[in-house]
């Protein structure tokens with residue numbers, strides 16, 4: 014799922030564009046450039062900012078400012094080293110080991126006398142022109158006065174393109190010479206040979222990065238400006254190129270410009286590292302607010318999942334699959350999902366982000382069900398027919414409230430407890446809910462293991478009160494608070510009664526008026542509207558049986574606890 018996203022458009026004067034350089038279009042996650050641009054503006058500093066993700070090809074910069082020309086200061090030392098190394102590799106110049114050692118000091122500690130020596134010995138401005146041509150830089154020009162190498166004109170965009178060409182080899186430098194330059198940048202000393210502190214910007218702004226290679230630049234009073242630049246390669250895999258060029262009027266003071274460059278980097282990457290988030294996961298991450306959102310900072314790279322991918326953040330995870338897209342999961346819902354073995358469990362991948370529920374609760378939908386959370390109940394998972402029935406009753410806003418357990422096994426079925434009742438399911442009966450005194454009475458009879466079996470209907474109003482039908486009878490809550498049970502009479506019992514009656518009663522010559530009264534309550538009559546229980550032996554209406562209706566104890570208060 015390493016995707017390259019599309020054009021982002023303009024925001025706060027910041028353009029995230031591909032440009033004409035062959036670089037992929039902008040990643041919408043790199044809104045951090047917008048924040049860096051705003052930070053520089055708030056401080057009154059002119060800043061050119063560019064950010065390149067080499068893993069995805071995504072590039073972002075701050076529009077016109079990224080194409081603005083700045084005096085290079087010591088960043089031109091990259092060009093000096095690059096040109097010298099390539100020409101030496103092609104036999105055009107000879108470099109001694111002492112020259113190479115000096116070059117390393119020039120790159121690591123920004124030594125000016127060494128740079129001046131190389132500038133005069135190996136072609137001066139022609140070295141800049143050599144690099145411009147090979148790397149196809151569009152805003153970089155040699156200094157107007159060829160004696161002042163520090164006034165080479167550069168842009169944030171061009172420096173990013175230079176690093177890209179250096180690292181991928183398109184600039185023509187050999188892998189060994191490239192590795193030499195990168196190693197020197199990663200070994201940058203805290204102070205230059207002139208005593209100036211040079212870990213401002215990227216080095217100090219990204220303390221959680223395992224590898225940062227930087228080339229810094231500083232220059233004051235030249236052309237009535239102060240310059241402070243921080244540009245380099247971030248990550249052990251050199252995945253990111255970050256460029257921040259800063260310029261202020263000379264009167265602002267160098268400390269102000271240093272603070273501005275530091276502020277830009279810290280605003281862009283407040284966690285001290287570059288968030289490595291991309292593709293669908295990146296889209297979801299930045300939609301939640303990115304580093305300043307509820308998930309916080311990334312704690313891992315993108316990792317493989319069964320049929321998808323996931324990424325860990327400070328306060329949660331984002332999971333992605335082709336079927337579901339990317340969705341975040343966090344907090345107690347994440348913990349409950351983990352207990353079900355994440356995407357490998359019965360719930361599968363998330364299909365929504367977390368959503369609000371009544372009473373300050375929340376829920377997340379998954380391929381195989383949902384997880385609901387409330388402060389009173391914690392996080393509980395629910396699925397299948399039980400979920401369908403509960404949702405049909407209004408879910409947490411209905412009479413049952415939030416679930417207080419996950420799915421639990423029953424004899425030949427399953428059940429869920431809720432704040433105000435339960436739902437039971439079996440293959441023969443489907444899922445039905447019950448609560449209050451009817452639930453208590455059923456519990457007192459050992460629930461599905463008792464004489465009534467599983468419920469076959471939800472509570473419904475009948476003439477006598479509120480009734481729930483079961484496989485082998487019914488329970489009715491009457492207006493006076495009594496629960497009355499009616500048992501279905503089996504075909505075997507009815508046959509035995511008929512045999513006994515025929516043995517003791519003479520055959521009538523007229524219709525049998527001496528038969529047991531038919532006025533007794535009909536415990537299984539179709540007129541009640543009760544659904545078929547599926548048991549053939551109980552399907553015949555018991556019209557001649559004596560009434561089985563009787564009050565039964567309610568057992569518990571029906572609050573969902575046995």
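Residue numbers (this note's numbering): 14 to 575. Note that CB positions come from ideal geometry on N, CA and C, so glycine has one too.
Under the Cβ criterion (8 Å, minimum of three pairs), the segment 172 to 183 counts as touching the segment 227 to 247.
DSSP places residue 334 inside the beta strand (DSSP E), whose first and last residues are 329 to 334. Ranking 257, 366 and 396 by CA distance to the CA of residue 359 puts 396 first. Buried is the label assigned to residue 353, since at least 16 other Cβ atoms lie within 10 Å of its Cβ.
According to the DSSP secondary-structure assignment, residue 60 is paired through a beta bridge with 259.
A Cβ-Cβ separation of about 27 Å leaves residue 79 out of contact with residue 119 under the 8 Å criterion. Between residue 163 and residue 235, the C-beta gap is smaller than 8 Å, which places the two residues in contact. The segment 451 to 468 makes contact with the segment 493 to 500: 3 or more CB pairs, one atom from each, lie closer than 8 Å.
Residue 490 is bridged by DSSP to 479 and 496.
Shown here, residue 233 sits in a strand according to DSSP, grouped into three states. As the crow flies, the alpha-carbon of residue 127 is around 19 Å from that of residue 84. Going by DSSP, residue 91 is part of no beta strand (DSSP E) but of the alpha helix (DSSP H) stretching over 89 to 102. Here residue 468 is not near residue 479, since their CB atoms are 8 Å or more apart. Going by beta carbons, residue 74 and residue 63 fall inside the 8 Å limit. Counting of Cβ neighbours within 10 angstroms places residue 124 among the buried residues, the total reaching 16 or more.
Around the beta carbon of residue 416, 16 or more other beta carbons sit within 10 angstroms, so the residue counts as buried. Pairwise C-beta distances place the segment 365 to 379 in contact with the segment 322 to 342, as three or more of them are shorter than 8 Å. Around the beta-carbon of residue 114, fewer than 16 other beta-carbon atoms lie within 10 Å, marking it exposed. Residue state for residue 348 is assigned as helix, using DSSP reduced to three classes. In the structure shown, residue 193 falls within a helical segment according to DSSP collapsed to helix, strand and coil.
In its chain, beyond the 5 residues on either side, 356 and 357 have a beta carbon closer than 7 Å to the beta carbon of residue 319. Within the segment 349 to 429, the complete beta strand (DSSP E) segments at least 3 residues long are 368 to 370, 374 to 379, 382 to 387, 391 to 395 and 421 to 423, listed from N- to C-terminus.
Per the Cβ contact rule, the segment 92 to 106 is not in contact with the segment 281 to 294 (fewer than 3 Cβ pairs under 8 Å). By the neighbour-count definition (other C-beta atoms within 10 Å, threshold 16), residue 420 is a buried residue. Between residue 238 and residue 263, the gap from beta carbon to beta carbon is short of 8 Å.
Inter-residue distance for residue 489 and residue 481 is about 6 Å (C-alpha atoms, whole angstroms). C-alpha of residue 99 to C-alpha of residue 337: approximately 50 Å in a straight line.
The Cβ neighbour count for residue 180, taken over all protein chains shown within 10 Å, is at least 16; the residue is labelled buried. The alpha carbon of residue 248 has as its nearest neighbour, out of 299, 47 and 196, the alpha carbon of 196. In the assembly as shown, residue 152 is a buried residue. Its beta-carbon has 16 or more other beta-carbons within 10 Å.
With contacts defined by Cβ atoms closer than 8 Å, residue 133 and residue 155 do not form a contacting pair. Ranked by Cα distance from residue 305, the options 198, 280 and 313 are led by 280.
A direct Cα-to-Cα measurement between residue 425 and residue 223 gives close to 56 Å. In this structure, the CA atom of residue 345 is about 14 Å from the CA atom of residue 363. In this structure, DSSP gives residue 106 a state outside helix and strand, which the three-state scheme calls coil. For residue 338, the pairing in a beta bridge is given by DSSP as 334.
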